[in-house]
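Colleague:
Numbering (my numbering), first residue to last: 184 to 714.
1) Could you have a look at residue 272 and say whether DSSP puts it in helix, strand or coil?
2) Tell me the rounded alpha-carbon separation between residue 401 and residue 637.
3) Hey, out of 641, 488, 382, 430, whose CA is closest to residue 504's CA?
4) Straight-line CA distance for residue 428 to residue 314?
5) How many angstroms separate the CA atom of residue 652 from the CA atom of residue 286?
6) When the Cβ atoms of the stretch 294 to 305 are set against those of the stretch 335 to 352, are three or more pairs found closer than 8 Å?
7) Rounded to a whole number of angstroms, what is the C-alpha to C-alpha distance between residue 549 and residue 607?
8) Can you have a look at residue 210 and say buried or exposed, based on whether 16 or more other CB atoms are within 10 angstroms of its CB?
9) What are the boundary residues of the alpha helix (DSSP H) that includes residue 339?
10) Determine the DSSP secondary structure at residue 313, reduced to helix, strand or coil.
11) Would residue 518 be called buried (16 or more neighbouring beta carbons within 10 Å of its own) or exposed?
12) Starting from the Cα of residue 663, find the closest Cα among 316, 409, 490 and give me that residue.
13) Nearest CA to the CA of residue 412: which residue from 251, 675, 243?
14) Relative to the alpha-carbon of residue 512, which residue among 415, 565, 281 has its alpha-carbon at the smallest distance?
15) Taking just the CA atoms, how far does residue 421 sit from residue 367?
16) Could you give the first and the last residue of the continuous alpha helix (DSSP H) run that contains residue 494?
17) Quick one: residues in its chain with C-beta nearer than 7 Å to the C-beta of residue 240, no 5 flanking neighbours on either side, listed in chain order?
18) Report the residue ranges of all beta strand (DSSP E) runs contained in full by the stretch 236 to 313; include only those spanning at least 3 residues, in chain order.
19) Using the Cβ count rule (16 or more neighbours within 10 Å means buried), how would you classify residue 683?
20) Pick helix, strand or coil for residue 433, following the three-state DSSP scheme.
21) Please determine, among 685, 356, 635, the residue with the shortest C-alpha to C-alpha distance to residue 294.
22) Residue 529: buried (16+ other C-beta within 10 angstroms of its C-beta) or exposed?
23) Assuming contact is defined by CB atoms lying nearer than 9 Å, are residue 329 and residue 339 in contact in what I supplied?
24) For the stretch 553 to 564 against the stretch 580 to 589, are there 3 or more C-beta pairs whose distance is under 8 Å?
25) For residue 568, which of helix, strand or coil comes out of DSSP?
26) Whole angstroms is fine: what's the gap from residue 387's alpha carbon to residue 649's?
27) Taking all protein chains shown into account, decide if residue 290 is buried (16 or more other Cβ within 10 angstroms of its Cβ) or exposed.
28) Just checking my contact of residue 555 with residue 604 at CB under 8 Å: how many whole Å lie between their CB atoms?
29) For residue 533 versus residue 628, is the C-beta spacing smaller than 9 Å?
30) Assign residue 269 to buried or exposed, taking buried as 16 or more other Cβ atoms, counted over all protein chains shown, within 10 Å of its Cβ.
31) Does the distance from the CB of residue 383 to the CB of residue 361 come in under 9 Å?
32) Does the pairing of the stretch 256 to 269 with the stretch 389 to 399 give three or more beta-carbon distances under 8 Å?
33) At the level of alpha carbons, what is the spacing between residue 480 and residue 670?
34) Given a cut-off of 9 Å on the beta-carbon distance, is the pair residue 264 and residue 404 in contact?
35) So is residue 200 buried or exposed if we call it buried at 16+ other beta carbons inside 10 Å?
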């Protein structure tokens, strides 16, 4: 869980004579011969085929690292079907878990993800983005095995702690890797792939939870890291990391692999080297105090603010405890069926977001997300209020479909905006000099907020009912609309260098709608995913 998350000097602005691939079109010529040639020049077909072919390695790389996101999605949603099963059929645990145990099983993962987020930043700089991601696979497998073979609740706790630590690292390292390997034409689509695959992990967990015991569910989770390990060995380290470690031959080789063996990467590689040299001039690595300097504080606060409102929407309370929430709502539909429907909607909607994000822009989707979540989570809070605090509970039985409909629209709202976009924008708006330390802080803050939400939700629910937290989440969703309106910049179509200049005040600002999109590099140093 980029994460930070995944993200370029704009060569096209400084050298407009260099065409982008989609700018290359055969010009019509006057034909003096009576026979007019109507077949397109073969070079056009070659260019089109070449363009599509060069994206294939990037797609492979994106899919490979996104399998780590599937593990995170599965681990994060594990509590929803597993906790009710541990209460009803404790199995090897011997006795049903308590409400306090259930609360800690849910909240230990985000708690230790904070530590993973703090460790992930230095790790991806020290040993590499790919290596850091790969090293989480075996601990993930061990964490699921500890839970699967647990004969004491403490083993479940330890498994969740290990899984949480790896989750914090993954959510920071994935967007970094993607940002440093993906071209900007597909940055929006492939940048959201971790979220999409993570949601697939949620769907697999919810669906399996209807048929498996909690220990079998954990065993299934232990299988997911195996293809993840295999795929990670098929892809290279990022060119930028190699250049930062003065391994220039390896960096060029990695870039050539990512762009295709026939691609001319000379210009792009020169820009990577140039950017690295400029960042090293008269500078050491950014200290923690520099993050809060006047130059960078705005970028940091915007990213932190997006993460705050993402979690204060209550999404992880919903996803961690979906089965229990539907049971309390007395929905007329089977609780496990409801969770499967929610997970399916969650998965499909992210693909819609992927298709729209580079057409409508980030802010439009965030606006729509805020409005939909405000309406639906508030409606759910009102529903629970009348069921918990009035004598109208029996009358609401005729509206047992309302919680499911509210959750479906709520998940749609989250998945098209505040779900993937804060992670995507973290890599876009954090300047190159502070991306490592900045992404660590932002990721750790996100998981701290997740811990607070998941730990307090069950406590509030058991003491005051679910109406209180849901109404609070609705208020936060409403406030998020104004935060986006006044503080969040639009980054659609802008190179990372342009975004940095606009936010830090270095050089002339470039309007977003007139900035041309880059076909070169997506400069995401340390920076995506959230369920």
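C-beta: ideal position from N, C-alpha, C; glycine also.
Modeller: On the basis of the supplied data:
1) coil
2) 20 Å
3) Among 641, 488, 382, 430, the Cα nearest to that of residue 504 is on 641.
4) Their backbone Cα atoms lie some 14 Å apart in a straight line.
5) 15 Å
6) yes
7) 12 Å
8) Residue confidence is low: residue 210 scores 44 on pLDDT, short of 50, so the model does not pin down where it sits. Its coordinate-derived value is still stated next. Result: exposed.
9) 336 to 362
10) helix
11) buried
12) 490
13) 251
14) Distance check between residue 512 and each of 415, 565, 281 places 565 closest, using alpha-carbon atoms only.
15) Within the model, the alpha-carbon separation for residue 367 versus residue 421 is close to 15 Å.
16) According to the DSSP assignment, residue 494 belongs to the alpha helix (DSSP H) that extends over 480 to 495.
17) Excluding sequence neighbours, residue 240 sits near 440, 441, 443.
18) Listed in chain order, there is nothing to give.
19) buried
20) helix
21) 635
22) Buried.
23) With respect to residue 339, residue 329 sits close: the two C-beta atoms are nearer than 9 Å.
24) yes
25) In this structure, residue 568 counts as helix in the three-state DSSP scheme.
26) 27 Å
27) Buried, by the Cβ-count rule.
28) In fact, because the Cβ distance is near 14 Å, the residues do not count as touching under 8 Å.
29) no
30) buried
31) no
32) yes
33) If you take the alpha carbons of residue 480 and residue 670, they lie about 13 Å apart.
34) no
35) With a pLDDT of only 39 at residue 200, under 50, the local geometry of the prediction cannot be trusted, and the value read off the model is given with reservation. Exposed is the call here.
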